[in-house]
Amino acid sequence: MRMRTLLLASIRILSWPLYLIPARGRLGLIKGLMVLDSRVGQPKDALRRQFQVLDMADKVISERAMVYGDGIHPKHRLTRYHDFFVENIAPKSTVLDVGCGYGALARSIATRVEGVRVTGIDSDTPRLTQAREANNPDNLEFVLGDALQDLPPAKWDVMVLSNVWEHIAHRVEFMRGLLAKVQPKKVLIRVPVFERSWHLPMRKELGIGYFSDSTHFIEHTLAEFADETAQAGLKVESQDIRWGEIWAVCVPLTASGDVPSVDT
55 MRMRTLLLAS IRILSWPLYL IPARGRLGLI KGLMVLDSRV GQPKDALRRQ
105 FQVLDMADKV ISERAMVYGD GIHPKHRLTR YHDFFVENIA PKSTVLDVGC
155 GYGALARSIA TRVEGVRVTG IDSDTPRLTQ AREANNPDNL EFVLGDALQD
205 LPPAKWDVMV LSNVWEHIAH RVEFMRGLLA KVQPKKVLIR VPVFERSWHL
255 PMRKELGIGY FSDSTHFIEH TLAEFADETA QAGLKVESQD IRWGEIWAVC
305 VPLTASGDVP SVDT
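Sequential numbering from 55 applies to the sequence shown in this note's numbering.
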């Protein structure tokens with residue numbers, strides 16, 4: 055925390071001359087530099103550099119958005135993606151949120167679905183600490199560790215993976231392991247979709263990274279998502295494309311390939 059404070063103070067000191075330039079002038083300067091740079095070299099090379107600039111801008115915007123939201127990213131509120139999970143969880147369910155992060159979604163489920171009990175698990179110590187230190191209801195608990203190794207002995211009715219599956223290298227094996235361990239009746243998945251913008255196939259054509267997060271191993275095409283869920287032993291009951299993401303309601307298949315005859 056002290057190092058972060060010192061870093062922010064240094065940035066303020068070094069950036070003070072910029073305050074002498076009006077905001078419109080600063081933006082004009084940035085645009086002018088981008089245009090000048092885009093004219094250097096071949097269009098392919100220029101596009102690669104411009105996409106790098108776009109990535110840096112996205113990181114700055116996300117950081118400022120977190121500050122604006124007092125530590126909670128405004129996308130939770132603006133996209134209302136919590137509603138998708140809440141609306142697909144029955145009252146009195148037991149819910150496991152895999153990769154719960156700082157617990158924003160887990161808290162929404164715990165406070166908005168009647169009679170539920172929610173367990174969030176994450177292996178990131180700082181984020182899990184932040185989750186535990188928040189104002190949490192009594193029906194919500196957090197576990198630090200690996201979902202395949204450190205879960206308490208229990209079963210959950212609903213398993214949630216919100217922007218988690220794309221962070222896993224061996225996704226099919228991971229999902230099969232979770233299904234065997236957790237034995238959920240329903241699985242709710244949210245992942246970024248490749249077909250959300252022409253920028254992604256353009257980046258792929260240019261041979262540069264097209265993931266929205268450097269820790270992603272994939273950003274699924276619709277065909278890839280269908281293939282991987284089927285291989286993992288899931289049937290997609292419903293699927294929406296919203297905000298550049300796939301929001302899917304899935305049910306596990308039995309060994310024979312049938313949907314279990316269980317009231318969900």
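A virtual CB, placed ideally from N, CA and C, is assigned to each residue, including glycine.
The structure displayed is predicted, hence computed values, not measured ones.
Specify, as a first and last residue, the run of the beta strand (DSSP E) that residue i falls within.
| i | result |
| --- | --- |
| I295 | L288 to R296 |
| R320 | What is shown of the chain runs 55 to 318, which leaves residue 320 out entirely. |
| G199 | Looking at the DSSP string, G199 is not in any beta strand (DSSP E), and its letter there is neither H nor E. |
| R93 | Careful: R93 lies outside any beta strand (DSSP E) and carries neither H nor E. |
Let me know if residue i comes out buried or exposed under the rule of 16 or more other beta-carbons within 10 Å of its beta-carbon.
| i | result |
| --- | --- |
| D211 | buried |
| N142 | buried |
| M213 | buried |
| P306 | buried |
| P314 | Confidence is the limiting factor: at P314 the pLDDT is only 47, short of 50, which leaves the residue's position unreliable and the question unanswerable from this model. |
| R118 | exposed |
| F168 | The amino acid occupying residue 168 in the given sequence is Glu; Phe does not appear at that position. E168 comes out exposed. |
| E227 | exposed |
Quick check on DSSP: helix, strand or coil for residue i?
| i | result |
| --- | --- |
| E299 | strand |
| V226 | helix |
| T148 | strand |
| V107 | helix |
| L215 | strand |
| P128 | coil |
| G311 | With a pLDDT of only 47 at G311, under the threshold of 50, the placement of this residue in the model should not be trusted; the figure read from the coordinates follows. Three-state DSSP puts G311 in coil, outside helix and strand. |
| P306 | strand |
Measuring CB to CB, does residue i end up less than 8 angstroms from residue j?
| i | j | result |
| --- | --- | --- |
| R244 | S216 | yes |
| H136 | L159 | yes |
| K146 | V170 | yes |
Note the first and the last residue of the continuous alpha helix (DSSP H) segment covering residue i.
| i | result |
| --- | --- |
| G174 | From DSSP, G174 is part of no alpha helix (DSSP H) but of the beta strand (DSSP E) over R171 to D176. |
| S266 | Premise fails: S266 is in no alpha helix (DSSP H) and is neither H nor E. |
| K258 | H253 to L260 |
| I163 | A158 to R166 |
Would you say the region 167 to 180 touches the region 226 to 245, given that touching needs at least three Cβ pairs under 8 angstroms?
At 8 angstroms Cβ cutoff, the stretches do not touch.
Per the contact definition of three or more C-beta pairs closer than 8 angstroms, is the region 257 to 270 in contact with the region 98 to 113?
Contact annotation: the region 98 to 113 touches the region 257 to 270, with at least three C-beta pairs closer than 8 angstroms.
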